[in-house]
Amino acid sequence: MRNKFGVLVELAAAVRQFFAASPEEIPVERDEDDEPVNQNDLVEVEEALRRLLNQSDLWERADEASLFLPHDADASMVAEGLDQAFRQSASVRDDDNSDNLFGETLSTDPMQDIRSPHSLRAACVVYYVCAQGKKGLRRKHAFVEHDSNAAELESNARVILFGDWASGIPNARILADYIWQEYVQPVIGKKQQVHLIHLGDTYYAGLKHEYPKRFSKHWPVRTTEKPPNIFSWTIPGNHDVYAGPHGFYRMLKEDRRFDAQAKCSHFLIENKYWQIFGLDTSSTPVDWNGSIGVLHKKQLEWVIRRRDVNKKCILLTHHQPFCVCENVDPHLSDQLRPIREQHPVTAWFWGHEHLCARFEPHMNIEFPVLLGHAGFPGRPKKRIHDTPKVKFEWTEHVGPYVSFGFARLDFSNDTIDTRLMNLVNREKHRFMIY
Ligand SMILES: [Fe+2]
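Just so you know, my numbering puts 410 at position 400 of the sequence shown, and the rest follows in order with no gaps.
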């Protein structure tokens, strides 16, 4: 993968020439509101590529080209650009080999020979995609404040939670198929209320074109309109915001299934027993590799204002309140200290790490659950902290990778029967939240 970045840098001058002569010949997924790419944009992309090429920590984790998932805004745009370039050059073919979790492989590598016209064409696509992403970042979508009422949670509602799902790879699609077949389709038009909640990350960079192909097409509600008893929700992860996050907001605006979310990146679902806060920890990044979760000031004020301590509280975020495998910045947990210290948080579910575990109570959170294993293969990590203790750890594997799963929460007044399910809907762990 690093070689490809090197090829892209070497082709920079040729790309600029090609753009100057015939920009309309570049085979990219164009959008009607795309601004034209100019020479300054291309220079900016080249500078970003040079930085990435020399950034050693970016390559430490990129041990396998097929698992290249950079924690960096520019590198994530390059990943999407390469994906488009490979498809445009008809280099991607299906691969049924069960060891290949991506279900596809490169039949020819268009960037292998730097002198070939295929390499130049592929490089032009990558530069175009990155230039559009960087324009989006410069004119970042404004944060949208929550000004509507809470959504009503029925006392016997079912909530399906899954994190880091929108990769579009075969097992992520299988997981969504099971959710649709088992929990959504059979109850459409019936009384049972179902909420489907994604804990964020649409790969690679949350560009506008990525939502239709990795998120919307596979979302486990296979209807165009919103069924009255089925509710869809999603909060942004770091990958959703790398290019803006214009793609995220456009999806919320246009997809009727997400109507309840009212075009806002955070939400509240509530009844007389519970408050479920879905919080956006990504839209106000203090770094562009996405490792620090931060709440926008207006959102923090909103959650503190709306918190009712007479009710139990569930927090849903993309970023972690704590991590037992690496040191995480305490920014998010510090911001939410008033919520945590005022009254225990009953449960907190989060993603970002592509693993699953349930922990002992910690930081005044009674049921802390990591749930980031629905869509991108992750390898188990070594623990570096002794506390908190793990009550349950997901150990099911596909080869060296943690297999995918989701959580099913069945509410019954003030208790929740909670099950962690694998991607073919088999129960792996069950506990009561109360
Ligand atoms: Fe993430």
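Built from N, CA and C at the ideal position, the CB exists for glycine as well. For clarity, every value in this text was computed on a predicted model and none was experimentally measured.
With 7 Å as the limit between CB and the heavy atoms of ligand 1, the residues that fall short of it are 174, 210, 211, 247, 248, 249, 300, 328, 361 and 362. By a beta-carbon distance limit of 8 Å, residue 120 does not contact residue 108. Their separation comes to about 27 Å.
Look at residue 349 here: in three-state DSSP terms it is helix. DSSP places residue 288 in the strand class (E or B) of the three-state scheme. In this structure, the CA atom of residue 137 is about 28 Å from the CA atom of residue 153. Residue 126 is classed as exposed because its beta carbon has fewer than 16 other beta carbons within 10 Å across all chains shown.
In the structure shown, residue 323 falls within a strand segment according to DSSP collapsed to helix, strand and coil. Excluding sequence positions up to five before and after residue 312, its CB lies within less than 8 Å of the CB of 155, 156 and 276, all in the same chain and listed in chain order. CA-to-CA, the gap between residue 398 and residue 323 works out to about 20 Å. Note that the region 398 to 414 touches the region 354 to 369; at least 3 beta-carbon pairs, one per stretch, sit closer than 8 Å. One thing to note: residue 28 has its Cβ within 8 Å of the Cβ of residue 134. Taking the Cβ atoms as the reference, residue 325 lies roughly 6 Å from residue 355, within the contact range of under 8 Å. It is roughly 29 Å from the alpha-carbon of residue 224 to the alpha-carbon of residue 158. Taking C-beta atoms as the reference points, residue 170 and residue 189 count as a pair closer than 8 Å. The region 12 to 30 makes contact with the region 49 to 64; the number of CB pairs closer than 8 Å reaches 3 or more. Minimum Cα-Cα distance from residue 298 among the listed residues 254, 221, 272 and 423 corresponds to 254. Per DSSP, reduced to three states, the secondary structure at residue 307 is helical. For residue 241, the secondary structure class from DSSP, reduced to helix, strand or coil, is strand.
With the rule of 3 Cβ pairs closer than 8 Å, the region 389 to 407 does not count as touching the region 193 to 212.
For residue 293, the number of other beta carbons within 10 angstroms of its own is at least 16, and it is reported as buried. Within its own chain, the residues whose Cβ lies closer than 8 Å to the Cβ of residue 93, once the five positions on either side in sequence are excluded, are 214, listed in chain order. Inclusion of residue 353 and residue 379 in the CB contact set at 8 Å is not warranted, their separation being larger than that value. Close CB contacts of residue 36 within its chain, under the 8 Å cut and outside five residues either way in sequence, are with 28, 29, 131, 134, 135 and 138 (chain order).
Note on residue 49: under 16 other CB atoms within 10 angstroms of its CB, so exposed under the neighbour-count rule. Under the three-state reduction of DSSP, residue 50 is assigned to helix.
Residue 104: member of the beta strand (DSSP E) spanning 102 to 104, first to last residue. In the structure shown, residue 404 adopts coil according to DSSP, grouped into three states. Apart from sequence neighbours up to five positions away, the residues of its chain that approach residue 80 with a beta-carbon distance below 7 Å are 68, 86 and 89, ordered along the chain.
The region 55 to 93 is shown to contain no whole beta strand (DSSP E) run of 3 or more residues. About 17 Å separates the beta carbons of residue 382 and residue 178, which is beyond the 8 Å limit, so they are not a contact pair. Bounds of the beta strand (DSSP E) holding residue 415 are 415 to 422. Annotation for residue 429: the continuous beta strand (DSSP E) segment containing it runs 425 to 432.
Counting only the Cα atoms, residue 273 lies some 17 Å from residue 234. For residue 360, the pairing in a beta bridge is given by DSSP as 327 and 380.
Collapsing the DSSP output to three states places residue 176 in a strand.
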